[in-house]
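Asks:
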Amino acid sequence: ICARFTPMIHQMFKNHRKTKLRRKWASLFGFTAAQTHTERHNELSYLAALNEFKRCHDINIPLYPFGAAANSSLLYVVARALSSYSFDHVLELGCGQTSFLIDAIRKQFQREFNVTSLEENGFWQKQIQDQIDYSITHSDLTHQQINHRNVSFYSGLESHQQKRFDFILVDGPIGTPEYSRYGSLHFIEHNLADDFVIVFDDAHRLGELQTVREALQLLDKKGHKYKVSQLQALKHQVVIASPKYEGACYF
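Residue numbers (the numbering used here): 1 to 251.
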């Protein structure tokens with residue numbers, strides 16, 4: 001990994017170990033939540049910023065950033081990125097609350113970007129599809145080899161080989177304990193535009209951090225220049241952006 005980002009990656013893994021230990025001890029005492037005060041405070045701040053964004057831009061859609069759904073910091077960074085920059089093609093791995101937001105921004109800001117959205121759960125895909133305009137593809141998970149690892153990932157990757165994505169949201173498929181959502185590296189290796197923003201959700205978990213680390217190694221191997229940042233609320237996100245869009249790392 002580019003030397004200037006090595007300390008940041010090490011700190012992400014260190015934070016993960018601290019969080020895991022903190023939650024382990026909390027569970028021993030029957031606590032249901034073990035987030036730090038800062039994480040809880042940040043979540044409320046992102047929620048306030050998200051609601052202000054919706055108010056200012058007259059986006060009248062219900063968003064519920066709770067439980068297993070996208071949390072406030074993820075929705076906030078997606079909203080800021082898609083409204084601040086003119087992307088050509090968005091890749092959404094895993095549909096849900098972010099789908100409502102992406103659809104609303106396309107309409108309200110009159111953005112003309114295409115969206116490729118993949119979802120493995122047929123019931124959930126239909127639930128979301130009925131409420132938005134762009135198409136969500138129901139894509140079953142299959143065992144396949146990606147970047148020398150055997151993983152379970154969306155089928156039909158060959159149908160996307162001609163596409164180039166400049167905004168990639170990695171929030172699916174369902175996470176795994178190690179090298180979670182590792183199949184996303186296929187798109188980073190074969191379908192990434194020269195200028196890009198990549199957002200990894202759930203970056204407080206070890207599996208996602210492992211995948212983020214290998215994604216950065218892959219970008220280095222391909223000669224990409226980029227900046228990295230992390231949002232920390234009740235869930236964490238990692239943002240990777242090329243120089244053209246590096247402002248996304250300061251949202």
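Backbone N, C-alpha and C define an ideal beta-carbon position, used for all residues, glycine too.
I'd like to know whether the C-beta atoms of Tyr245 and Tyr85 end up nearer to each other than 7 Å.
Replies: As a first step, residue 245 must be located in the sequence shown, where it is residue number 245. As a first step, residue 85 must be located in the sequence shown, where it is residue number 85. Result yes, Cβ atoms of Tyr245 and Tyr85 sit closer than 7 Å.
Asks: Note down, one range per segment and in chain order, each beta strand (DSSP E) of at least 3 residues found wholly within the segment 196-221.
Replies: none
Asks: Looking at Leu101: is its Cβ nearer than 7 Å to the Cβ of Ala79?
Replies: Position 101 of the sequence shown, counted from the start, is the residue given in the question as residue 101. Position 79 of the sequence shown, counted from the start, is the residue given in the question as residue 79. Cβ atoms of Leu101 and Ala79: closer than 7 Å.
Asks: Looking only at its chain, what residues have a beta carbon closer than 6 Å to the beta carbon of Phe53, apart from the 5 residues adjacent to it on each side?
Replies: Within the sequence shown, the letter at position 53 stands for residue 53. Cβ neighbours of Phe53 beyond the five flanking positions: Ala79.
Asks: From the DSSP output, in three-state form, read off Lys235 for me.
Replies: In the sequence shown, residue 235 corresponds to position 235, counting from 1. Reduced to three states, the DSSP call for Lys235 is coil.
Asks: Tell me which residues share the same chain as Tyr182 and place their Cβ nearer than 7 Å to its Cβ, disregarding the 5 neighbours each side in the sequence.
Replies: The residue given as residue 182 occupies position 182 in the sequence shown. Closer than 7 Å at Cβ, skipping near neighbours: Ile146, Arg149, Val151, Thr211.
Asks: Using 10 angstroms around the beta-carbon of Tyr250, count the other beta-carbons present and answer buried if the total reaches 16, otherwise exposed.
Replies: Mapped onto the sequence shown, residue 250 falls at position 250. That one is exposed.
Asks: What is the DSSP secondary structure of Tyr154, reduced to helix, strand or coil?
Replies: Mapped onto the sequence shown, residue 154 falls at position 154. Correct three-state label for Tyr154: strand.
Asks: Whole angstroms is fine: what's the gap from Leu157's alpha carbon to Val77's?
Replies: Residue numbering aside, residue 157 sits at position 157 when the sequence shown is read from its first letter. Residue numbering aside, residue 77 sits at position 77 when the sequence shown is read from its first letter. Whole-angstrom Cα-Cα distance: 27 Å.
Asks: Judging by CA-CA distance, which residue of Arg205, His138, Tyr134, His143 is the nearest neighbour of Tyr179?
Replies: The count along the sequence shown starts at 1 and reaches residue 179 at position 179. Taking only the C-alpha atoms, the option nearest Tyr179 is Arg205.
Asks: How is Ile59 classed by DSSP in three states: helix, strand or coil?
Replies: For this step, residue 59 is matched to residue 59 along the sequence shown. Residue state, collapsed to three classes: coil.
Asks: Are the CB atoms of Phe200 and Val238 nearer to each other than 7 Å?
Replies: As a first step, residue 200 must be located in the sequence shown, where it is residue number 200. As a first step, residue 238 must be located in the sequence shown, where it is residue number 238. Taking the C-beta atoms as reference points, Val238 is found nearer than 7 Å to Phe200.
Asks: May I ask you to report which of helix, strand or coil DSSP gives Leu28?
Replies: As a first step, residue 28 must be located in the sequence shown, where it is residue number 28. With a pLDDT of 44 at Leu28, under the threshold of 50, the modelled position of this residue cannot be trusted; read the value that follows with caution. Helix at Leu28.
Asks: Which same chain residues, not among the five before or five after Ile128, have their C-beta less than 7 Å away from its C-beta?
Replies: Numbered from 1 along the sequence shown, position 128 holds the residue referred to as residue 128. Cβ neighbours of Ile128 beyond the five flanking positions: Cys95, Gly96, Ser99, Ile136.
Asks: Find out if the Cβ-Cβ distance for the pair Val93, Gly223 is shorter than 7 Å.
Replies: Position 93 of the sequence shown, counted from the first residue, corresponds to residue 93. Position 223 of the sequence shown, counted from the first residue, corresponds to residue 223. For the sequence presented, residue 93 should be read as Leu rather than Val. Contact check for Leu93 against Gly223 fails: the beta carbons are separated by 7 Å or more.
Asks: Please work out which residues of its chain come closer than 6 Å, Cβ to Cβ, to Phe109, disregarding the five sequence neighbours upstream and downstream, and give them in chain order.
Replies: For the purposes of this step, residue 109 is taken as residue 109 along the sequence shown, with counting starting at 1. The residues are Ser83.
Asks: Are the beta-carbon atoms of Ala241 and Ala248 separated by less than 7 Å?
Replies: Position 241 of the sequence shown, counted from the first residue, corresponds to residue 241. Position 248 of the sequence shown, counted from the first residue, corresponds to residue 248. For Ala241 and Ala248, yes; Cβs fall inside 7 Å.
Asks: Within its chain, find whatever has a CB closer than 7 Å to the CB of Asp140; leave out the 5 residues flanking it on each side and keep chain order.
Replies: Here residue 140 corresponds to residue number 140 of the sequence shown, with the count starting at 1. So the list reads Glu120, Ser155, once near-sequence residues are dropped.
Asks: Rounded to the nearest angstrom, how far is the Cβ of Ile198 from that of Val170, given a contact under 8 Å?
Replies: Taking the sequence shown and counting its residues from 1, one reaches residue 198 at position 198. Taking the sequence shown and counting its residues from 1, one reaches residue 170 at position 170. Confirmed, about 7 Å.
Asks: Looking only at its chain, what residues have a beta carbon closer than 8 Å to the beta carbon of Gln230, apart from the 5 residues adjacent to it on each side?
Replies: Along the sequence shown, read from residue 1 onward, the residue named residue 230 stands at position 230. The residues are Met8, Met12, Ala203, His236, Gln237, Val238, Val239.
Asks: Could you have a look at Lys227 and say whether DSSP puts it in helix, strand or coil?
Replies: Reading the sequence shown from its first residue, position 227 is the one you call residue 227. Strand.
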